[in-house]
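Counting in the UniProt record's numbering, the sequence shown runs from 1 upward without gaps.
Quick reminder that beta carbons are idealized off the backbone N, C-alpha and C, glycines included.
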Amino acid sequence: MKSSPTQHSLFFTAIHWILASLIFVLIGLGWYLQYLPPTAPEREFFINLHISLGLTSVILVAFQILLWLILGSSPLLGGTSGWQKAVVWNLYLLIYGCVAIAAISGFLQATSSGIPIKFWGLSIPTWETKNSDLVGFYKALHEITAIVLTVLVIILVGVIFLKTHQRDELPPPHPPARPQQPGRRFKSKRMPSNLAKAILRLVKNLRRLGWTVFWIQFIFAIASALLLLFATSGQVLSPNELSGGLLWAFYAFVILCLSTIIFFYYTRLARKIYLEPDTYISAEKESSPWLLGLSSKVSLLGTLVSFIGMGVSISLLIAKTVSQPPGIAITDPSKIIRALDVFILVINFSLLTAHSIGTMVSIWVTILASNAHKQKLLASPHLNASSMT
Numbered sequence: 001m002k003s004s005p006t007q008h009s010l011f012f013t014a015i016h017w018i019l020a021s022l023i024f025v026l027i028g029l030g031w032y033l034q035y036l037p038p039t040a041p042e043r044e045f046f047i048n049l050h051i052s053l054g055l056t057s058v059i060l061v062a063f064q065i066l067l068w069l070i071l072g073s074s075p076l077l078g079g080t081s082g083w084q085k086a087v088v089w090n091l092y093l094l095i096y097g098c099v100a101i102a103a104i105s106g107f108l109q110a111t112s113s114g115i116p117i118k119f120w121g122l123s124i125p126t127w128e129t130k131n132s133d134l135v136g137f138y139k140a141l142h143e144i145t146a147i148v149l150t151v152l153v154i155i156l157v158g159v160i161f162l163k164t165h166q167r168d169e170l171p172p173p174h175p176p177a178r179p180q181q182p183g184r185r186f187k188s189k190r191m192p193s194n195l196a197k198a199i200l201r202l203v204k205n206l207r208r209l210g211w212t213v214f215w216i217q218f219i220f221a222i223a224s225a226l227l228l229l230f231a232t233s234g235q236v237l238s239p240n241e242l243s244g245g246l247l248w249a250f251y252a253f254v255i256l257c258l259s260t261i262i263f264f265y266y267t268r269l270a271r272k273i274y275l276e277p278d279t280y281i282s283a284e285k286e287s288s289p290w291l292l293g294l295s296s297k298v299s300l301l302g303t304l305v306s307f308i309g310m311g312v313s314i315s316l317l318i319a320k321t322v323s324q325p326p327g328i329a330i331t332d333p334s335k336i337i338r339a340l341d342v343f344i345l346v347i348n349f350s351l352l353t354a355h356s357i358g359t360m361v362s363i364w365v366t367i368l369a370s371n372a373h374k375q376k377l378l379a380s381p382h383l384n385a386s387s388m389t
């Protein structure tokens, strides 16, 4: 029994998302290892985990290439225009090449440093070539490749979402008089006009604002990721203390990634409400779908975290400014205002801007959903009669 192209597409999609997740986990582990002291007891565990995940990603890449050779081409490239197919194909090649370069450079860095290599607990034999001169070169190559790989994965995710956006077209609310397919148009014949207008307004705002905020937060997430990478590379120069503002910025960045995903699902929810309004806007359910409530909570949490991070960064700058004696050379390096301190403040400000936009939009859409629910209650005669009795 042959597997269908849909099954192939789902399989390829699963492998791609697993590989993308592994890349971000590896970036996070590498970022965390920079702050662990060499004598920390858990450092060996995280190094082995980093190596094991890196080798696993290489195995996934090799398996993916093997499937491409067997099937002829990736099913994910089907249904795309010429320029999109060329962009996606080149992105795949660059990502796979970067994964290979990062794995090889990391492997050589570990062997040159004398670090034993273990793959999920199994020791891998290596040659004993301890060379301190090559460690710096392999480390720089590994870090640069990791940054390029992160940018490429983010661009690939953006292209995939752009493809989804182009496919996301709602059926016309007033179709022509020819026979209609059941369930494919807005069901407003049996609805009061106020209820139909409220639901249609909710759907339009969910779709338009969902895509708008998604792309805004996606761009802010890319910029913040690059700024965090540069900031952490600068933080390595003084690893004795981790800046509080940088730590809060990392938390706000993680929340921003979650918020971006939620706003993407705004567009999915808009289509579902458009096709089946009675399922999502019901008098027996809550005033708004659970996704809208989750979006408001996540956006508010991100705003609070980024605001705290910006406050910590500003207070640090003020404290350093006040502590500097006039006319005397500063001998304590911790009291010097570095460019990194201002850099971290800019990161927190950009994250605060992205979360504030998400908060305002999520609150507005929640109000529209509550209005549609109110119109649904007014249009339910049996509920009105029960409330009167």
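Note on T39: under 16 other CB atoms within 10 angstroms of its CB, so exposed under the neighbour-count rule.
With 16 or more other CB atoms across the displayed protein chains lying within 10 angstroms of its CB, Y274 is buried. For I347, the CB contacts under 7 Å within the same chain, skipping 5 residues up- and downstream, are S224, L227, L228, A231, A249 in chain order.
Around the beta carbon of L256, 16 or more other beta carbons lie within 10 angstroms, which makes this residue buried. In the three-state DSSP reduction, L122 falls in the strand class (E or B). DSSP, read as helix, strand or coil, puts L19 in helix. The continuous alpha helix (DSSP H) containing T267 extends over residues 244-275. Distance from the CA of G97 to the CA of L108, rounded to the nearest whole angstrom, comes to 17 Å. N90 counts as exposed, since fewer than 16 other beta carbons sit within 10 angstroms of its beta carbon.
If you ignore the 5 residues before and after V61, its C-beta comes within less than 6 Å of the C-beta of Y96, V99, all in its own chain and listed in chain order. Using a C-beta cut-off of 8 Å, the stretch 136-149 makes no contact with the stretch 198-210, since fewer than three inter-stretch Cβ pairs fall below that distance.
Between the stretch 298-306 and the stretch 348-365 there are three or more C-beta pairs closer than 8 Å, enough to call the two in contact. Taking each of S356, A110, R268 in turn and checking the Cα distance to Q217, the smallest one comes out for S356.
CA-CA distance, S21 to L317, rounds to 36 Å. Comparing alpha-carbon positions, the option among G121, L49, F63, P37 lying closest to A14 turns out to be F63. The beta carbon of V298 is closer than 7 Å to those of I255, L258, S259, I262 in its chain, skipping five residues each way along the sequence. The beta carbon of S52 is closer than 6 Å to those of F119, W120 in its chain, skipping five residues each way along the sequence. Check the Cα spacing between H16 and each of S112, R43, I59: the tightest is with I59. Residue burial annotation: P37 is exposed, with fewer than 16 other C-beta atoms found within 10 angstroms of its C-beta. Residue burial is scored here from C-beta neighbours: D341 has at least 16 other C-beta atoms within 10 angstroms and is therefore classed as buried.
For I27, the CB contacts under 7 Å within the same chain, skipping 5 residues up- and downstream, are A146, T150 in chain order.
When the Cα atoms are used, K374 and F46 turn out to be separated by approximately 53 Å. DSSP places T150 within a helical segment (H, G or I) once states are collapsed to three. Going by C-alpha positions, R208 is about 8 Å away from T267. Within the same chain, Cβ atoms closer than 8 Å to the Cβ of W364 are found at N205, L209, the five residues on either side in sequence being excluded. Closest by C-alpha distance to H50, out of N371, G30, F253, L246, is G30. Restricted to the stretch 348-378, not a single alpha helix (DSSP H) segment is unbroken, complete and at least 4 residues in length. Rounded to the nearest angstrom, the gap between the Cα atoms of W211 and I18 is 24 Å. Secondary structure of Q34 (DSSP, three-state): coil.
Judged by their CB atoms, I344 and G244 are not nearer to each other than the 7 Å cut-off. Looking at the backbone, the Cα of S132 and that of S105 are separated by about 14 Å.
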